[in-house]
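Some notes on the structure that comes next.
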Amino acid sequence: MDDYTKHHPGYNDGYNDPIEDVPQPFTLSMERTTTSTMKKGEGTCEGRDFNHDFNVGGVNDRSIDRSIDGSIDRSSSEKKKKKKKKKKKKRKRSRSSSSPSPHNRDTTSNNKRPKRTSSNPRPSTSTRGSFSSNLRDMSFSSIRSFPSSSLQPRSHSLLAQRHNSSQRDGSRKGGINPIHPDQTFHYTEPRDSLIDNQYKILDDIGLGTFGRVVKCLDTKTNTICAIKIIRKIKRYIESAKIEAEIIKSVNEWGGRGRNLVVNLWGSFMFTGHFFLVFEPLSLSLYDLLKENKYEGFPMEMNWDVSRDLIDGVGFLHSRNLVHTDIKLENILLAVNEEDYFTKKNEKGRTIKLPKRAKVKLCDFGGATYDNERKGSVINTRQYRAPEVILQLGWSTPSDMWSLGCCLAEISSGELLFSTHGNFEHLALIERKVGRFPRGMVERSKAKELPFVEGWFDRRSLGSESWRYVEKVRPLEEEFVGEWGELLRGVLEIDPGRRWKANECLSRYFTR
1 MDDYTKHHPG YNDGYNDPIE DVPQPFTLSM ERTTTSTMKK GEGTCEGRDF
51 NHDFNVGGVN DRSIDRSIDG SIDRSSSEKK KKKKKKKKKK RKRSRSSSSP
101 SPHNRDTTSN NKRPKRTSSN PRPSTSTRGS FSSNLRDMSF SSIRSFPSSS
151 LQPRSHSLLA QRHNSSQRDG SRKGGINPIH PDQTFHYTEP RDSLIDNQYK
201 ILDDIGLGTF GRVVKCLDTK TNTICAIKII RKIKRYIESA KIEAEIIKSV
251 NEWGGRGRNL VVNLWGSFMF TGHFFLVFEP LSLSLYDLLK ENKYEGFPME
301 MNWDVSRDLI DGVGFLHSRN LVHTDIKLEN ILLAVNEEDY FTKKNEKGRT
351 IKLPKRAKVK LCDFGGATYD NERKGSVINT RQYRAPEVIL QLGWSTPSDM
401 WSLGCCLAEI SSGELLFSTH GNFEHLALIE RKVGRFPRGM VERSKAKELP
451 FVEGWFDRRS LGSESWRYVE KVRPLEEEFV GEWGELLRGV LEIDPGRRWK
501 ANECLSRYFT R
């Protein structure tokens, strides 16, 4: 019995839902991965661009006859020209007002076959043992296919990538643009209007796929609250009602961990929308990181945040509830605006920090009890656990992996795994953390994933993607001391060996 089975028997309990991220068998795509429109003669194959000739039947209409010695047979050429002129006259007479068939179009100006793009050169093997050197001589036959989406255009700087992109959940920090009526099924009432004759809209906090979040004044109690307004879409409303029930249950549980989860004050239907009334909280950790231009937080604050976060996640896990979407956007600071101050960090840059780093978990829209039927994929991509990518099923350890990604991010200021494809993600994990256990690879339902003898096969990546992976520093080099030990414990690839919340608390925190 291998280590994976011994430590986590029966782990692959997920079922296979159709998902967009799971690699599918190879099909020729007529769109390029890097552009929204395809250039003539171009397609994609295995993540690489290639060119091909679109001439129907392989014969070019403009070709001319040549004699055996290679010279041009001008007589036959002139005859053909005359025939073509006659055909053109007939076409003009019989041509209808409809557009011509694409097969009759002159698709090239000079009849030259499009040049093939250069194949990706094989990058040098890393000196680190993450990608075994013996893969150089191994065949590529073990890899059946992989999607073209595995390679994405990237910015060379992770910091630039974060600056050039919107928040990963599509929402924006407070002060979003006014809601316009053309925002389909959104609640569009402006500021100063009343919701259900009770809640006065003071400001917009965020706008996302699910709906709108606003800061309100409860005119009956004269208290400030945050209201999440779900779009008038049936499936969103049903999901929000489940979320409300889960948060309500969590708020009623006993124990100190209940204070580390956002409080739901009420919920109701109004004008076809579903409203969730929450306690007012401050910035998310992502918002604060963004305000500080992605400068990592001081270690003292990181330890405070990690204690609350681990304690809160452990509280959920003690009741067999898996959050499934732990990320910086869903971790809110429970402080007032006057509790922030500014200071210069080690680099001499001024950053904004809270006087006390108390945080709470929010957004339970994907929360699932461990004994419920589960989908095959959870988590926002950059925080997704390896067992989820490998389709082995998931449980509470998957939350701990996401938690580890968050802790690494608040200390470095950058995403630990900045990627948008399964292959590159797995390569980054192996480069950053280490080799995948053989048992996990053998049990993976994602059979198209490129593993050879338990090692991720780097030949499945393009040269640009591989160069990016090679630049990534291993975890033990980037994070040292007790902080590094904590990260390595919660970022253990094998979910059966990954540290649980109570184990982290007993090792590094006193109760």
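For reference, each letter of the sequence shown is one residue, going 1 to 511 in the UniProt record's numbering.
Glycine residues also receive a C-beta, built at the ideal position from the N, C-alpha and C atoms.
All figures in this text were calculated on a predicted structure; none of them were measured in a lab.
Complete runs of the alpha helix (DSSP H) confined to the region 268-306 [at least 4 residues]: Qualifying alpha helix (DSSP H) stretches, in chain order: 285-291.
Chain-order list of residues whose beta-carbon lies under 8 Å from that of R356 (same chain, five-residue window excluded): D304, V335 and D339
C-alpha gap between S506 and R191, whole angstroms: 48 Å
Secondary structure of I247, DSSP reduced to three states: helix
Cβ neighbours of G366 in the same chain (closer than 8 Å, five flanking residues each side left out): H323, T324, D325 and I378
Neighbourhood of H317 by C-beta distance below 8 Å, restricted to the same chain and skipping five residues each side: Shown here for H317: same chain residues with a beta carbon closer than 8 Å to its own, the five before and five after excluded, namely T396, D399, K500 and A501 in chain order.
G257 to L309 span [Cα, whole Å]: 10 Å
Neighbour-count burial assignment, L194, 16 or more Cβ in a 10 Å radius: exposed
Exposed unless 16 or more other CB atoms sit within 10 angstroms - verdict on F297: buried
A226 - containing beta strand (DSSP E), residue span: Run containing A226: T223 to I230, per the beta strand (DSSP E) assignment.
K432: first and last residue of the uninterrupted alpha helix (DSSP H) it sits in: N422 to K432
Distance between G462 and Y286 (C-alpha atoms, nearest Å): 31 Å
Same chain only: Cβ atoms within 7 Å of V472, ignoring 5 sequence neighbours per side: L428, R431 and K432
Proximity to E346 [Cα-Cα], best of I493, M299, W466 and N263: When only C-alpha atoms are compared, the closest one is M299.
M269 burial status per 10 Å Cβ neighbour count (16 or more: buried): exposed
DSSP-derived helix/strand/coil call for G266: DSSP places G266 in strand when its eight states are reduced to three.
Helix, strand or coil at V359 [DSSP, three-state]: The three-state reading of DSSP puts V359 in strand, counting E and B together.
Cβ pair L333, L407 closer than 9 Å: No; because the gap between Cβ atoms is not below 9 Å, this pair is not in contact.
Under 9 Å between C-beta atoms of A385 and S402: Yes; because the gap between Cβ atoms is below 9 Å, this pair is in contact.
Other residues of its chain near E442: CB distance less than 6 Å, five sequence neighbours each side excluded: Cβ neighbours of E442 beyond the five flanking positions: none.
Proximity of F364 and V250 at Cβ, strictly below 9 Å: yes
For L390, three-class secondary structure by DSSP: coil
Euclidean distance between Cα positions of C216 and N263: 16 Å
Other residues of its chain near R95: CB distance less than 8 Å, five sequence neighbours each side excluded: With a pLDDT of 44 at R95, under the threshold of 50, the modelled position of that residue is not reliable, and the figure given next carries that caveat. Nothing listed; no residue qualifies.
Separation of K352 from E291, as counted between CA atoms: If you draw a straight line from the Cα of E291 to the Cα of K352, it is about 8 Å long.
DSSP state of P495 mapped onto helix, strand, coil: coil
Alpha helix (DSSP H) segment containing R467, residue limits: R467: member of the alpha helix (DSSP H) spanning S463 to E470, first to last residue.
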